[in-house]
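Worksheet for the structure shown next.
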Amino acid sequence: MIDVALQLSVSDGQRRFDLRVAFSTDAPFAALYGPSGSGKTLTLQAIAGLLHPAKGHIKIDGRTLYDSAAGIHMPPSQRRIGYLFQDYALFPHLSVRKNIEFGLTSWRRGLAEQDRAQVQSLLERFDLAAMAGSRPDTLSGGQRQRVALARALACQPQILLLDEPFASLNPMLRQSLRAELAEVRRQWGIPALMITHDVEDVLELADVAFVYGHGQIEKEVNLRTAESREFTRAKLGVETPAEAPLKQKLRRLLLGGAP
357 MIDVALQLSV SDGQRRFDLR VAFSTDAPFA ALYGPSGSGK TLTLQAIAGL LHPAKGHIKI
417 DGRTLYDSAA GIHMPPSQRR IGYLFQDYAL FPHLSVRKNI EFGLTSWRRG LAEQDRAQVQ
477 SLLERFDLAA MAGSRPDTLS GGQRQRVALA RALACQPQIL LLDEPFASLN PMLRQSLRAE
537 LAEVRRQWGI PALMITHDVE DVLELADVAF VYGHGQIEKE VNLRTAESRE FTRAKLGVET
597 PAEAPLKQKL RRLLLGGAP
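Residue 454 in my numbering sits at position 98 of the sequence shown; the count goes up by one each step and never skips.
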C-alpha cells in the first residue's frame, strides 16, 4: 500500500509553486500522469526523501517514511526505495558493474560475497554481463536504462520509483522496454510508481493513474475498469458519480477531454 499526503512549496525567488496532493493505492503499478510542471517529479522526490515536505505523511506497506505530525523524517538511505531517474544518473567514470554496485555501497560499507553474487545476477538478468567493464557512454539508450534499473534493484527496494522511464529512448524501443519493465516488476514482486506525460506509458503499464494539474490531483482513473472519480469536488465533500466503465472512454479521460 502506498499512502501519500504532501504539502510543499518551492520557489526560485521570482516564482512559487505549491504542491498539495494526497493519494493511496494498493495497485501493483501506479502512474502519476500529467503535463510537465504539474508537480509529479516533486512528489517522487519527496517520497524518496530528496525533498522535505512542509506537512503530511508518506507510508509504504505500513512503514512510515515521513510524518510531520509525529516528527518522522527518515533519511533517503533508510527508505528502501529504488529510484530510476529520467536521465538515469549513471556515473560516467564508473563501469557498468561499478554503477550497479553503487546501489549497494551507498547503503552498506563494502561489498560482501553475497552482494557480489547479487550484482552478477543482475548483470546476467539484464543481459549486461558482456559489457560489465564498459563505461556508460559506450552503451545504447536501452542498455543505459537497464544499468540504471539494475542499480535501482540492487538494494532490494520496497518500492520502485520511475521518473519518465522512456522519455530518453528512441520511440521504436519504447514498446519492448515497457514490456521488459512490466516483467521485471512482476518478477521482483514490488510495487512501482511511475511519472509520465505519455498516455501510452499509462495505457501499457499502469493499473491506476492519478491525473495531475497545477500541483493537485484532479482525478483518479482505474485502468482495470476504466472508471473515473473526480477529485476537484472532494474538498466540498461531494463525490461525483463514477464514469461508466467503458474502455473506449479511457484515453479521453486521461487526456482530459470529454467522455
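For every residue, glycine included, the Cβ atom is placed at its ideal position computed from N, Cα and C.
Practice problem: Check residue 418 in the structure and name its three-state DSSP category. | Solution: For this step, residue 418 is matched to residue 62 along the sequence shown. Per DSSP, reduced to three states, the secondary structure at residue 418 is coil, with no helix or strand assignment.
Quiz item: Does DSSP classify residue 546 as helix, strand or coil?
Solution: In the sequence shown, counting from the first residue as 1, residue 546 sits at position 190. The answer is coil: DSSP assigns residue 546 none of H, G, I, E or B.
Quiz item: Mind checking whether residue 562 and residue 387 have CB atoms under 8 Å apart?
Solution: Taking the sequence shown and counting its residues from 1, one reaches residue 562 at position 206. Taking the sequence shown and counting its residues from 1, one reaches residue 387 at position 31. A contact, by the Cβ cut-off of 8 Å.
Quiz item: Among 493, 393, 359 and 553, which has the Cα closest to the Cα of residue 371?
Solution: Counting from 1 along the sequence shown, the entry for residue 371 is found at position 15. With distances taken between CA atoms, residue 371 lies nearest to 393 out of 493, 393, 359 and 553.
Practice problem: Would you list the residues sitting across from residue 438 in a DSSP beta bridge? | Solution: Walking along the sequence shown from the start, residue 438 turns up at place 82. According to DSSP, which records beta bridges pairwise, residue 438 is partnered with 516.
Quiz item: For residue 447 versus residue 458, is the C-beta distance shorter than 8 Å?
Solution: Indexing the sequence shown from 1 puts residue 447 at position 91. Indexing the sequence shown from 1 puts residue 458 at position 102. Closer than 8 Å, so yes.
Self-check item: Rounded straight-line distance, which links the Cα of residue 431 to that of residue 422
Solution: Mapped onto the sequence shown, residue 422 falls at position 66. Mapped onto the sequence shown, residue 431 falls at position 75. Whole-angstrom Cα-Cα distance: 9 Å.
Practice problem: Determine, using beta-carbon pairs with one atom in the stretch 548-561 and one in the stretch 511-521, whether at least three such pairs fall under 8 Å. | Solution: With a cut-off of 8 Å, the stretch 511-521 and the stretch 548-561 count as touching, because enough Cβ pairs lie within range.
Quiz item: Under 8 Å, do residue 552 and residue 389 count as touching if we go by C-beta distance?
Solution: Taking the sequence shown and counting its residues from 1, the one referred to as residue 552 is at position 196. Taking the sequence shown and counting its residues from 1, the one referred to as residue 389 is at position 33. Result yes, Cβ atoms of residue 552 and residue 389 sit closer than 8 Å.
Quiz item: Taking the Cβ atom as the reference point for each residue, do residue 410 and residue 364 lie within a distance shorter than 8 Å?
Solution: For the purposes of this step, residue 410 is identified with residue 54 of the sequence shown, where counting begins at 1. For the purposes of this step, residue 364 is identified with residue 8 of the sequence shown, where counting begins at 1. In this structure, residue 364 lies closer than 8 Å to residue 410 by Cβ.
Quiz item: Do you know how far the Cα of residue 543 is from the Cα of residue 362?
Solution: Translated into positions along the sequence shown, residue 362 becomes position 6. Translated into positions along the sequence shown, residue 543 becomes position 187. Rounded to the nearest whole angstrom, the CA to CA distance from residue 362 to residue 543 is 30 Å.
Exercise. Please report how far the alpha carbon of residue 522 lies from the alpha carbon of residue 506, in whole angstroms.
Key: Taking the first residue of the sequence shown as 1, we reach residue 522 at position 166. Taking the first residue of the sequence shown as 1, we reach residue 506 at position 150. Cα to Cα, the separation comes out at about 16 Å.
Practice problem: Using three-state DSSP, classify residue 589 as helix, strand or coil. | Solution: Taking the first residue of the sequence shown as position 1, residue 589 is located at position 233. Only weak support is given to the placement of residue 589: the predicted model assigns it a pLDDT of 34, under 50, and the value that follows is read from those uncertain coordinates. If DSSP states are grouped into helix, strand and coil, residue 589 belongs with coil.
Self-check item: Bridge partners - residue 389, DSSP secondary structure assignment
Solution: Within the sequence shown, the letter at position 33 stands for residue 389. According to the DSSP secondary-structure assignment, residue 389 is paired through a beta bridge with 552 and 567.
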